[in-house]
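In what follows, a structure is listed as structure tokens, so that the remarks can point back to it.
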Ligand code: FES
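Numbering (the numbering used here), first residue to last: 337 to 492.
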């Protein structure tokens, strides 16, 4: 590919909204590929912008870097991913995203009801969790979906 068709780190940073430091970090983490000019400067294919949009969306949803890398590794190396390539990634992530959607709906609908956290502070706790009976099932809000009881990617 002719280097003039490639983007500089400044152009990618401007268009993607990621600072150059983040672009270098994602490259070190193996999520992005670059080429170098004779002077050693990074150059990016325009398709990197879609990868970055995917990274931002996934990270915003709390997806860990390892899982993001696993997803992006499904895309071809050395050529611009096609719609079919992205569809393959989308299929691989469908169940994960569906689970997240269900969890978000449960959280949205559960916040005014008993979530089985042990607080026994709502009227409904007497109905759904009398004497904190669900504590026998283990720690956390036992009436929320498992995805909402996991330790976040950052560990806290
Ligand atoms: S909301 Fe906490 S135990 Fe019911």
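Glycine included, C-beta positions come from ideal geometry on N, C-alpha and C.
Close CB contacts of residue 438 within its chain, under the 7 Å cut and outside five residues either way in sequence, are with 481 (chain order). In this structure, the beta-carbon distance from residue 473 to residue 451 does not fall below 9 Å. Ligand 1 has no heavy atom closer than 8 Å to the beta-carbon of residue 380. Secondary structure at residue 430: helix, using DSSP grouped into helix, strand and coil. Counting along the chain, no alpha helix (DSSP H) covers residue 412, and no H or E run does either. In terms of Cβ geometry, residue 403 and residue 394 form a close pair [threshold 9 Å]. Taking the C-beta atoms as reference points, residue 411 is found no nearer than 9 Å to residue 388. Residue 468 has its Cβ nearer than 8 Å to a heavy atom of ligand 1.
Counting along the chain, no alpha helix (DSSP H) covers residue 373, and no H or E run does either. In this structure, ligand 1 has a non-hydrogen atom nearer than 8 Å to the beta-carbon of residue 460.
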